[in-house]
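Asker: First the structure, then my questions, so here it is.
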Amino acid sequence: MKFLVVFAAAFALVSADVSHIVRSDESQAPILKSDYNIDPSGSYQWEYETGNGISAQAVGTVRNPESEIASIEVKGSARYTSPEGEPVELTYVADANGYRPQGNFIPPVPELILRSLEYIAAHPPPPAPEYVRKPLN
0 MKFLVVFAAA
10 FALVSADVSH
20 IVRSDESQAP
30 ILKSDYNIDP
40 SGSYQWEYET
50 GNGISAQAVG
60 TVRNPESEIA
70 SIEVKGSARY
80 TSPEGEPVEL
90 TYVADANGYR
100 PQGNFIPPVP
110 ELILRSLEYI
120 AAHPPPPAPE
130 YVRKPLN
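Dropping the structure here:
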């Protein structure tokens with residue numbers, strides 16, 4: 000009888016469904032959509048979507064193309080699911096003012112940092128002294 004109980008328990012362990020525990024190989028996710036457009040002026044647009052729920056897109060636009068200070072402005076977004084199962088969404092702008100991301104997973108700036116930035120803005124450093132190099136003769 001003891002053998003039968005041990006055998007039944009071992010059989011139950013071996014035949015248990017663990018597919019929900021073991022992660023699938025997402026490196027083989029099919030590409031559902033892939034589109035890339037590049038303009039001769041330097042502007043571009045791309046987007047893609049995969050079978051495992053990852054998607055991203057971006058649009059790059061050249062600003063002041065005829066001037067010496069031409070720059071590019073990029074606006075984009077991405078979506079995916081975190082390993083914990085939470086949906087992650089990111090939008091961003093990158094231009095002459097820097098990279099500015101926004102998303103549901105980006106923490107807010109701590110109060111201490113905000114106060115430090117206000118203090119720095121209110122108390123700029125003194126100007127650096129100019130040093131004059133004397134001739135060796």
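Numbering that gives the first Met the number 0 puts the sequence shown at residues 0 to 136.
Cβ coordinates follow ideal geometry from the N, Cα and C atoms, glycine included.
None of these values were measured; they are calculated from a predicted model.
Which of the three DSSP states, helix, strand or coil, is assigned to Y91?
Answerer: Strand at Y91.
Asker: Short of 8 angstroms in beta carbon distance, which residues of its chain neighbour N36, apart from the five on each side in sequence? Order them along the chain.
Answerer: Closer than 8 angstroms at the Cβ level, and outside the excluded window around N36, lie Y43, Q44 and W45.
Asker: Measure the CB-CB distance between Y47 and A55 and report whether it falls below 8 angstroms.
Answerer: Yes, they are a contact pair.
Asker: Do V92 and R99 have their CB atoms nearer than 8 angstroms?
Answerer: Result yes, Cβ atoms of V92 and R99 sit closer than 8 angstroms.
Asker: Helix, strand or coil for S115, going by three-state DSSP, please let me know.
Answerer: Helix, per DSSP.
Asker: Pull up the CB-CB distance for G41 and V73, whole angstroms please, since I reckon it's below 8 angstroms.
Answerer: G41 to V73, Cβ: 12 angstroms. No contact.
Asker: Ordered along the chain, which non-local residues of its own chain (more than five positions away) have a Cβ less than 6 angstroms from that of E88?
Answerer: Contacts found: R78, G102 and N103.
Asker: According to DSSP, what are the bridge partners of V108?
Answerer: Answer is none; V108 lacks a bridge partner.
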